[in-house]
Amino acid sequence: MSTSMDRLIQSRQHSSRIQQLVTVWLATAQSSTELKPLLANWSPTIRSIAAEATFLGFPKTIRLCRVLLATLECALASDGPLSTKQQQAITIALNGLGILVATPSADSVDVSAIVRRLSSDFQLTDTTVNTPLKGLVHDHIMSPSDVSSASTTSEHRDMDVYLNSRLDSLDRCYEEETWIVTQLAGLAEDLASGTHSQRPASRLMAVLKSHKIFHQVDRVCLAGRVAEANQLVVVDSAASERCQTNSLKTGYSCFVNPEGSLFKMRPGTMRIFDDSERVLAAFSHQNKPAQRSIALIADMGLRSGLCLAIGRGADIQGFLFLNSCQQDLFGDITVNFAPLLSLLGLVATIALDANGFHRTVGKGSSIDRDVPHCSTLFVASEFKQHVSQAIQRRIGPDFKANVTVSVNAQDASFLYLPARVAGTLAEIVLRLNLLHVSQSADLHFEVECHDEQVQVRVLHRRNLPNLPVQEWLNANIQLLNANLINTPLKIQADETYAMLVFPIEPVLTSHQDLHYSIVY
């Protein structure tokens, strides 16, 4: 690695301002025999640390800041002084945070153990610990002195797998790959027949263990693309014992930069990156927050990666990701690997098909064609307009519904898919006959954030007088959810409200023009 890139990767450190602040802060805490009088002044410091960690992509630091803030709030609300056990727990957490600020990649800090101890000693709930940190950044975190000016054009390279001259036969496969080819063909047949459609990533990893290069793969992940959107959903993932955790499990979803190069890849194109730290350093160099998925990959100890674009024709259906804890593992991949990679692509295509990720136009997308399909910052007035239009287009141009929206201003800074959300809400209105229930054709939507989810609620009826009505409601909710397979949307209902629920995707205050998922 070049000296300039070394400097660039080293630049992905907390700023000197934060490091000095934490040094003084920890010295003050360690010299005090009673911590509680100091707690009220610590929240801004922890939020500043969390802000930079979010910007730079340090999930462990973010998690520790989150639980520390919950701990401080709990401790300040309690009567009397802290117990010795509670003071020790806070001290351990503060020391761990100090190490992570000084050395973000420090393996000596067991964040999970610290979180468990604080949760136990202060009786914190999962809801409290996992509440996203909102509104962290109000100006640019990185200063010119904190960022290297090195070039970042080499953080990844692409290669077309499907070169016709390389796919005339399988003769180009290495002799030791014959068994792998047979296994991949068998796996493809199993997936196509439906006899083994579960855990394709685990089976792929087991097959790759016999390859001279791919046996060092520590993560296999198959992700499908939400139709016509810049959102990915993990279908299946498998990680080796060398990974401490698997943070991107089945059901994980994220927004990818709609203006980025990932969705510009053609099916059959392979992308390789040599070092996840190099990719994260590129974000830092551009003064942009880290993309959450690559930050979580780096946090798992994974360094190099291979991404294979999956689909038919020019349409991206999804991606197959391979990662290794070894830096630059895939640097020796050449077009001679095309037959094997094409088989991997075939297996991934069949697996995505078997899991419902067909590259077809999504239900209702033609109706909502004028509504943004990519991730967009939530704005209440625009949201109201999208929902009103979606309902009107399904009923007729002459119908006018009086739609109102209420939202907590604190919860309003997040990304969502307008076409998907507005279209689904319109389907709820029609399926549950909400316009007939409301004689005045007034519809009021409440937007709230709970834990790590956004809830959009609408009153479906005031009373459920008998069991058949409840059965009718449940049946319709089930039918509505059937149209949301492989999207991070879910419809729920109670006796009063119908709710559309989806994961919250916060944005940083000073970076609201960036519409991809970040660490929070």
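In terms of this note's numbering, the sequence shown opens at residue 661 and continues consecutively. Quick reminder that beta carbons are idealized off the backbone N, C-alpha and C, glycines included. Computed from a predicted model, the values in this text were never measured in an experiment.
Beta-carbon spacing of residue 987, residue 963 below 8 Å: yes
Rounded straight-line distance, which links the Cα of residue 1139 to that of residue 1132: 11 Å
Boundaries (first-last residue) of the beta strand (DSSP E) holding residue 1151: 1150–1153
Residues near residue 883 in its chain [Cβ-Cβ closer than 6 Å; skip 5 each side]: 892, 894, 978 and 979
Cutoff 6 Å; reference residue 899; Cβ partners in own chain excluding five residues on either side: Counting only Cβ-Cβ distances below 6 Å, and skipping sequence neighbours, we find 879 and 906.
Beta-carbon gap between residue 989 and residue 873 smaller than 8 Å: Result yes, Cβ atoms of residue 989 and residue 873 sit closer than 8 Å.
Three-state secondary structure (DSSP) of residue 785: coil
Other residues of its chain near residue 1182: CB distance less than 8 Å, five sequence neighbours each side excluded: It is not possible to answer for residue 1182, since the shown part of the chain is limited to 661 through 1180.
Rounded straight-line distance, which links the Cα of residue 692 to that of residue 806: Unreliable positioning characterises residue 806 in this predicted model, as indicated by a pLDDT of 43, which lies under 50. The coordinate reading is nonetheless provided below. Using only the alpha carbons, I get a separation of about 32 Å.
Residue span of the alpha helix (DSSP H) that contains residue 759, given as start and end: 744–762
Extent of the continuous beta strand (DSSP E) run through residue 1032: That residue, residue 1032, is in no beta strand (DSSP E); it is neither H nor E in DSSP.
Chain-order list of residues whose beta-carbon lies under 6 Å from that of residue 1046 (same chain, five-residue window excluded): 1031, 1078 and 1082
Segment contact, 8 Å Cβ cut-off, at least three pairs: the region 1159–1174 with the region 1102–1116: yes
Residue 881 beta carbon less than 8 Å from that of residue 1188: Any property of residue 1188 remains undetermined from this structure, which presents the chain solely from 661 to 1180.
Delimiting residues of the beta strand (DSSP E) encompassing residue 1119: 1113–1119
Buried versus exposed, by CB contacts within 10 Å (16 or more), residue 1035: In this structure residue 1035 is buried. Its beta-carbon is surrounded by 16 or more other beta-carbon atoms within 10 angstroms.
Which listed residue (756, 1172, 1156 and 865) has its alpha carbon closest to that of residue 709: 756
Among 1104, 901 and 954, the one whose alpha carbon lies nearest that of residue 1040: When each option's Cα is compared against that of residue 1040, the closest is 1104.
For residue 927 and residue 973, the rounded distance between their alpha carbons: 7 Å
Close-in-space but distant-in-sequence residues of the same chain around residue 937 (CB under 8 Å, 5 per side omitted): 669, 672, 958 and 963
Spatial distance of residue 1137 from residue 1116 (CA atoms): 15 Å
Distance CB(residue 913)-CB(residue 1148) smaller than 8 Å: yes
Where residue 1007 falls: helix, strand or coil (DSSP): Residue 1007: helix per DSSP, three-state reduction.
Nearest neighbour of residue 976, chosen from 897, 733, 697 and 888 [CA to CA]: 888
Counted within 10 angstroms of its Cβ, other Cβ atoms place residue 863 as buried (16 or more) or exposed: Buried, since its Cβ has 16 or more Cβ neighbours within 10 Å.
Sequence-distant residues of its chain with Cβ nearer than 8 Å to residue 751 (five each side left out): 689, 690 and 695
CB contact flag (residue 943, residue 1177, <8 Å): no
Beta strand (DSSP E) segment containing residue 687, residue limits: Where residue 687 is concerned, there is no enclosing beta strand (DSSP E), although the alpha helix (DSSP H) it sits in stretches over 676–690.
Through-space distance from residue 985 to residue 699, alpha-carbon basis: 39 Å
8 Å Cβ cutoff met for residue 1073 and residue 1063: The beta carbons of residue 1073 and residue 1063 sit no closer together than 8 Å.
Minimum length 3: unbroken beta strand (DSSP E) runs contained in the region 1034–1108: Taking only runs of at least 3 residues, the beta strand (DSSP E) segments lying wholly in the region 1034–1108 are 1062–1067.
Proximity of residue 1075 and residue 1167 at Cβ, strictly below 8 Å: yes
Straight-line Cα distance separating residue 956 from residue 763: 17 Å
Residues that DSSP places opposite residue 1168 in a beta bridge: Beta-bridge pairing links residue 1168 to no other residue.
Bounding residues of the beta strand (DSSP E) (the contiguous stretch that carries residue 969): Note, residue 969: beta strand (DSSP E), 964–970.
For residue 874, the first and last residue of its enclosing alpha helix (DSSP H): Careful: residue 874 lies outside any alpha helix (DSSP H) and carries neither H nor E.
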